[in-house]
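Protein chains in written order, with our numbering: chain U, 2 to 246; chain H, -7 to 173.
Glycine included, C-beta positions come from ideal geometry on N, C-alpha and C.
For reference, the structure discussed in these notes is given below.
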């Protein structure tokens, strides 16, 4: 047992700093799911590597950056203030458009309306939904089906505009010290983090914009895993789903 | 962990308070910019990565949990991921000669952490400085350039086994120093 265990244990430090090669990463991640002692070792090394950020000297950024960020902040408190969209439709028509394009039933129309009212107080969620609906109108946008063991939904993907939105139904709730983490998957299997999210309590619909800091055309898949709050350098937890594109 | 003032700022930030956001920006922008500049080696790219990081703070503040650790470490972790993603996007691998002199990078300054946290960070900094040049090099390339052990082996011309051994030894040293404080 010790002979089988040792190679994995030796790879834990490199994994903690994000330097383990792809093939060894896959093997170690599989081992970690079943080995509590290696997970404890990983947590100990992560405690160190996470705090390495504090050893870099500070350096003041350009003064203009503060004003740039100030200009990007919403000018109103966070409440429902629908932003102008290129199509002028009412709440019902917005729901109907989503239903038609997502292929949902009449029951789904009412469900979408109920969900939109429930989430109307959260402007960020509303913005994600508007982003999703906007993408549905793009000719080049792909509308891909997600089918996981515990979740279903759509991935809306437009590589030309480098934009993507996840639309998920019934995302399982997770512990307070956990988060869902989105991973973009390269052809060689490398994972690149693309954001964190948590399902809203009581909400059946979760939409999440993929932060467009990556060139989506360089990736061939997307996955979501459960990670410790704050995220991980590489996937460590159970997978919610994976989709190829 | 958070002091009362920072706890209040985070709570206000989650509610969309722009003044709280700017207060946190004033407090940590130098840390973030210093780290992204260290990784990207280009002030313009570092500025963009810093901007992206604070926008993520604005959008993700609700995900932060004080019991998991310092806000500054959480924020800098986001900054590091953001900068490394940008590094990969740009396919930017500065020649080793363009890298910062290793001796320039490893010291910490007083920070808004608890006394015990500052003490540990300082110990960690000293431990990094105390690493042998070879050990420090592999940590440097892994942490600030996001390289895998194979990539480090190729760049430095060292056998892969040597890279692995040095990586493991360096991190064991740092772990020992971190836990000793």
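> Out of curiosity, what's the CA-to-CA distance linking residue 153 of chain H and residue 136 of chain H?
Replying inline: The residue given as residue 153 of chain H occupies position 161 in the second chain. The residue given as residue 136 of chain H occupies position 144 in the second chain. Taking the CA atoms as reference points, residue 153 of chain H sits about 21 Å from residue 136 of chain H.
> What residues of chain U sit near residue -2 of chain H, judged by a beta carbon separation below 7 Å?
Replying inline: Along the second chain, one-based indexing puts residue -2 of chain H at 6. By Cβ distance, chain U contributes nothing, its closest Cβ being about 16 Å from residue -2 of chain H, past 7 Å.
> Which residue from H/53, H/42 and H/71 puts its Cα closest to that of residue 63 of chain U?
Replying inline: Translated into positions along the first chain, residue 63 of chain U becomes position 62. Per the Cα distances, H/42.
> Terminal residues of the continuous alpha helix (DSSP H) containing residue 52 of chain H?
Replying inline: Sequence index remark: in the second chain, residue 52 of chain H carries index 60 (1-based). Where residue 52 of chain H is concerned, the enclosing alpha helix (DSSP H) starts and stops at 35 to 52.
>> On the CB-based measure, 16 or more other CB atoms within 10 Å of its CB, does residue 177 of chain U come out buried or exposed?
In response: As a working note, residue 177 of chain U is residue 176 in the first chain. The residue is exposed, with fewer than 16 neighbouring Cβ atoms inside 10 Å.
>> Along the stretch 115 to 132 of chain H, where does the CB come closer than 7 Å to a CB of chain U? Name the residues.
In response: Residues of the stretch 115 to 132 of chain H with a C-beta atom less than 7 Å from some C-beta of chain U are 116, 117 and 120, listed in chain order.
> How about residue 35 of chain U: is its C-beta nearer than 9 Å to some C-beta of chain H?
Replying inline: Along the first chain, read from residue 1 onward, the residue named residue 35 of chain U stands at position 34. Residue 35 of chain U does not count as touching chain H.
>> What does the Cβ neighbour count give for residue 77 of chain H, buried or exposed, with the cut at 16 atoms within 10 Å?
In response: For the purposes of this step, residue 77 of chain H is taken as residue 85 along the second chain, with counting starting at 1. Label assigned to residue 77 of chain H: buried.
>> So, for residue 25 of chain H: in the same chain, excluding its five sequence neighbours on each side, which residues have a beta-carbon less than 8 Å away from its beta-carbon?
In response: Counting from one through the second chain, the residue named residue 25 of chain H turns up at place 33. If we look at residue 25 of chain H and ignore the five residues flanking it on each side, its Cβ neighbours are 38, 39 and 42.
>> On the DSSP letters alone, give me the boundaries of the beta strand (DSSP E) that residue 229 of chain U sits inside.
In response: The count along the first chain starts at 1 and reaches residue 229 of chain U at position 228. Membership of residue 229 of chain U in the beta strand (DSSP E) is indicated by the continuous run 222 to 229.
>> Can you look up residue 45 of chain U in the DSSP assignment and give me helix, strand or coil?
In response: Counting from one through the first chain, the residue named residue 45 of chain U turns up at place 44. When DSSP states are grouped into helix, strand and coil, residue 45 of chain U belongs to the helix group.
>> In whole angstroms, give me the CA-to-CA distance for residue 33 of chain H and residue 27 of chain H.
In response: Position 41 of the second chain, counted from the first residue, corresponds to residue 33 of chain H. Position 35 of the second chain, counted from the first residue, corresponds to residue 27 of chain H. Using only the alpha carbons, I get a separation of about 10 Å.
> Since residue 116 of chain H contacts residue 56 of chain U with CB under 8 Å, what's their CB separation in whole angstroms?
Replying inline: Along the second chain, one-based indexing puts residue 116 of chain H at 124. Along the first chain, one-based indexing puts residue 56 of chain U at 55. Going by Cβ atoms, the distance from residue 116 of chain H to residue 56 of chain U rounds to 6 Å, so yes, they are a contact pair.
>> Measuring alpha carbon to alpha carbon, tell me which residue in U/181, U/49, U/163 and U/206 is nearest residue 230 of chain U.
In response: The count along the first chain starts at 1 and reaches residue 230 of chain U at position 229. Considering only alpha carbons, the answer is U/181.
> Name the chain H residues that come within less than 7 Å of residue 171 of chain U, Cβ to Cβ?
Replying inline: Sequence index remark: in the first chain, residue 171 of chain U carries index 170 (1-based). Near residue 171 of chain U there are no residues of chain H at all, since even the closest Cβ is about 21 Å away, more than 7 Å.
> chain H beta carbons: is any one of them nearer than 9 Å to that of residue 56 of chain U?
Replying inline: Against the first chain, residue 56 of chain U aligns to sequence position 55. So yes, residue 56 of chain U belongs to the interface.
> Under 9 Å between the Cβ atoms of residue 186 of chain U and residue 198 of chain U?
Replying inline: One-based indexing of the first chain puts residue 186 of chain U at position 185. One-based indexing of the first chain puts residue 198 of chain U at position 197. Result no, Cβ atoms of residue 186 of chain U and residue 198 of chain U do not sit closer than 9 Å.
> Between residue 10 of chain U and the rest of its own chain, which residues show a CB-CB distance below 7 Å, the 5 nearest in sequence each way excluded?
Replying inline: The residue you call residue 10 of chain U lines up with position 9 of the first chain. Same-chain partners within the cutoff: 39 and 42.
>> Looking at chain U, is there any beta carbon in it that lies within less than 9 Å of the beta carbon of residue 10 of chain H?
In response: Translated into positions along the second chain, residue 10 of chain H becomes position 18. Yes - at least one Cβ of chain U is within 9 Å of the one on residue 10 of chain H.
> Is the Cβ of residue 49 of chain U closer than 9 Å to any Cβ of chain H?
Replying inline: The count along the first chain starts at 1 and reaches residue 49 of chain U at position 48. For residue 49 of chain U, the answer is yes, since a Cβ of chain H falls inside 9 Å of its Cβ.
>> Rounded to whole angstroms, what is the Cα-Cα separation between residue 122 of chain U and residue 6 of chain H?
In response: Walking along the first chain from the start, residue 122 of chain U turns up at place 121. Walking along the second chain from the start, residue 6 of chain H turns up at place 14. Bear in mind that a pLDDT of 41 at residue 122 of chain U, under 50, signals an unreliable position, so the model cannot answer this.
> Are the Cβ atoms of residue 51 of chain U and residue 69 of chain H separated by less than 9 Å?
Replying inline: Position 50 of the first chain, counted from the start, is the residue given in the question as residue 51 of chain U. Position 77 of the second chain, counted from the start, is the residue given in the question as residue 69 of chain H. Contact: yes.
> Whose C-beta lies closer than 7 Å to the C-beta of residue 89 of chain H among residues of the same chain, with five residues either side of it excluded?
Replying inline: Here the question's residue 89 of chain H lines up with position 97 in the second chain. Because residue 89 of chain H sits at a pLDDT of 35, beneath the cut-off of 50, its placement in the model cannot be relied upon, and the following sentence gives the value as read from the coordinates. So the list is empty, once near-sequence residues are dropped.
>> Please return the same chain residues whose Cβ sits closer than 7 Å to the Cβ of residue 218 of chain U, not counting the five positions on each side in sequence.
In response: Numbered from 1 along the first chain, position 217 holds the residue referred to as residue 218 of chain U. Counting only Cβ-Cβ distances below 7 Å, and skipping sequence neighbours, we find 160.
>> So, under 8 Å CB-CB, residue 31 of chain H and residue 72 of chain H are touching, yes? Tell me the CB distance rounded to an integer number of Å.
In response: One-based indexing of the second chain puts residue 31 of chain H at position 39. One-based indexing of the second chain puts residue 72 of chain H at position 80. That belief holds up - the Cβ atoms of residue 31 of chain H and residue 72 of chain H are roughly 7 Å apart, short of 8 Å.
>> Given this structure, state the Cα-to-Cα distance separating residue 23 of chain U from residue 190 of chain U, to the nearest angstrom.
In response: Mapped onto the first chain, residue 23 of chain U falls at position 22. Mapped onto the first chain, residue 190 of chain U falls at position 189. Cα atoms of residue 23 of chain U and residue 190 of chain U: separation of roughly 7 Å, rounded to the nearest angstrom.
> Which class does residue 66 of chain H belong to by DSSP, given the choice of helix, strand or coil?
Replying inline: Stepping through the second chain from its first residue, residue 66 of chain H is reached at position 74. Three-state result, residue 66 of chain H: helix.
>> Any beta carbon of chain H sitting closer than 9 Å to that of residue 238 of chain U?
In response: As a working note, residue 238 of chain U is residue 237 in the first chain. The beta carbon of residue 238 of chain U does not come within 9 Å of any beta carbon belonging to chain H, so the residue lies off that interface.
>> Quick check on the DSSP output: the beta strand (DSSP E) that includes residue 208 of chain U runs from which residue to which?
In response: On the first chain, residue 208 of chain U is found 207 positions in, with the first residue counted as 1. Start and end: 206 to 210.
> Where does the unbroken alpha helix (DSSP H) through residue 164 of chain H begin, and where does it stop?
Replying inline: Taking the second chain and counting its residues from 1, one reaches residue 164 of chain H at position 172. Here the alpha helix (DSSP H) through residue 164 of chain H covers 152 to 172.
> If you check the beta carbons only, do residue 241 of chain U and residue 208 of chain U fall under 9 Å apart?
Replying inline: Counted from its first residue, the first chain places residue 241 of chain U at position 240. Counted from its first residue, the first chain places residue 208 of chain U at position 207. For the 9 Å CB-CB criterion, residue 241 of chain U and residue 208 of chain U do not form a contact.
>> Could you tell me which whole beta strand (DSSP E) segments of length 3 or greater appear in the stretch 5 to 57 of chain U?
In response: If we require 3 residues or more, the stretch 5 to 57 of chain U turns out to have no beta strand (DSSP E) run fully inside it.
>> Using C-beta distances below 7 Å, list every residue in its chain close to residue 245 of chain U, excluding the 5 sequence neighbours before and after it, in chain order.
In response: Reading the first chain from its first residue, position 244 is the one you call residue 245 of chain U. Counting only Cβ-Cβ distances below 7 Å, and skipping sequence neighbours, we find 221 and 222.
> Where do the N-terminal and C-terminal ends of the alpha helix (DSSP H) with residue 15 of chain H fall, by residue?
Replying inline: As a working mapping, residue 15 of chain H is identified with position 23 in the second chain. Counting along the chain, residue 15 of chain H sits inside the alpha helix (DSSP H) bounded by residues 10 to 32.
>> Considering only the alpha carbon of each residue, which of H/20, H/55, H/23 and H/29 lies closest to residue 3 of chain H?
In response: Within the second chain, the letter at position 11 stands for residue 3 of chain H. Cα-wise, what sits closest to residue 3 of chain H is H/55.
>> I'd like the span of the alpha helix (DSSP H) that includes residue 72 of chain U, first residue to last.
In response: Locating residue 72 of chain U in the first chain gives position 71, where the first residue counts as 1. Membership of residue 72 of chain U in the alpha helix (DSSP H) is indicated by the continuous run 65 to 73.
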